[in-house]
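Let me begin by presenting the structure, written as structure tokens, before commenting on it.
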Amino acid sequence: MTPLITLVSATLLLRAAGAAGLRPLRSWRTALRGGLAAMFVLTGTAHFNHMRDDLVAMVPPALPQPELLVTLTGLLELLGAAGLLHRRTAPWAAAGLTVLLVAMFPANVHAAAAGLTVNGQAATALLPRTLIQLAFIMAAAAVWLPAARKARRAPRARTP
26 MTPLITLVSA
36 TLLLRAAGAA
46 GLRPLRSWRT
56 ALRGGLAAMF
66 VLTGTAHFNH
76 MRDDLVAMVP
86 PALPQPELLV
96 TLTGLLELLG
106 AAGLLHRRTA
116 PWAAAGLTVL
126 LVAMFPANVH
136 AAAAGLTVNG
146 QAATALLPRT
156 LIQLAFIMAA
166 AAVWLPAARK
176 ARRAPRARTP
């Protein structure tokens with residue numbers, strides 16, 4: 026639940042700063058990029074702190090080298106967060122993070138089904154976790170979809 030709270034509160038705080046006159050934050054999409062970046066810094070750093078063992082345990086048993094997978098996904102989350110902060114790289118970062126969210130979802134299914142604990146608490150039940158994951162995916166898609174639509178509408182260069 027903490028990542029969702031981080032996403033929502035950081036987005037609203039950034040949007041409020043935009044409404045108060047901080048020009049670069051006047052757009053909801055820009056504020057959302059900041060909220061997503063904050064969330065992915067939070068979740069990415071969890072791959073390297075006291076929660077690491079819990080995240081390793083969440084990796085489904087069928088996947089090899091769970092420690093390496095946790096390290097890689099943590100690095101990808103942190104790189105994606107950095108990419109979200111730059112207007113030109115944000116759509117690419119958001120698209121990559123969307124794929125990452127989908128790819129990591131089986132770990133959440135495994136944690137719920139196996140009754141694992143995460144950060145000292147029972148893993149979130151599957152239905153609420155699915156809804157939260159969908160919210161994250163929709164937030165990331167709200168960053169990259171407009172850029173994809175714009176690119177599709179742009180005139181293509183003619184080749185002789």
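Numbering (this note's numbering), first residue to last: 26 to 185. Heads up, the beta-carbon is just placed ideally off N, CA and C, and yes, glycines get one too.
Among the candidates the options, whose CA atom is the shortest distance from the CA of residue i?
i: Leu-101; options: Ala-166, Ala-44, Ala-119, Gln-90; result: Ala-119
i: Trp-169; options: Leu-50, Phe-73, Arg-112; result: Arg-112
i: Leu-57; options: Val-66, Leu-39, Thr-142; result: Leu-39
i: Leu-110; options: Pro-49, Val-95, Pro-91; result: Pro-49
i: Ala-132; options: Leu-94, Ala-176, Ala-41, Phe-161; result: Leu-94
i: Thr-36; options: Gly-60, Ser-52, Thr-55; result: Gly-60
i: Arg-174; options: Ala-42, Phe-73, Pro-116, Met-26; result: Pro-116
i: Thr-123; options: Thr-98, Ala-137, Ala-147; result: Thr-98
i: Val-134; options: Asn-144, Gly-121, Ala-148; result: Ala-148
i: Leu-126; options: Thr-68, Gly-140, Val-143; result: Thr-68
Would you kindly report the start and end of the unbroken alpha helix (DSSP H) that includes residue i?
i: Met-64; result: 53 to 71
i: Ala-41; result: 27 to 44
With 16 as the cutoff for other CB atoms within 10 Å, does residue i come out buried or exposed?
i: Val-84; result: buried
i: Leu-152; result: exposed
i: Met-129; result: buried
i: Leu-159; result: exposed
i: Ala-106; result: buried
i: Met-64; result: buried
In three-state DSSP terms, what is residue i?
i: Val-229; result: The first residue shown for the chain is 26 and the last is 185, placing residue 229 beyond what the model contains.
i: Leu-47; result: coil
i: Pro-171; result: helix
i: Met-163; result: helix
Using a C-beta cutoff of 7 angstroms, does residue i count as contacting chain D?
i: Val-81; result: In summary, chain D is missing from the structure at hand, where a single protein chain is found.
| task | Would you mind listing the alpha helix (DSSP H) stretches within the segment 91 to 160 that are 4+ residues and don't spill past its ends, in chain order? | result | 91 to 109, 115 to 139
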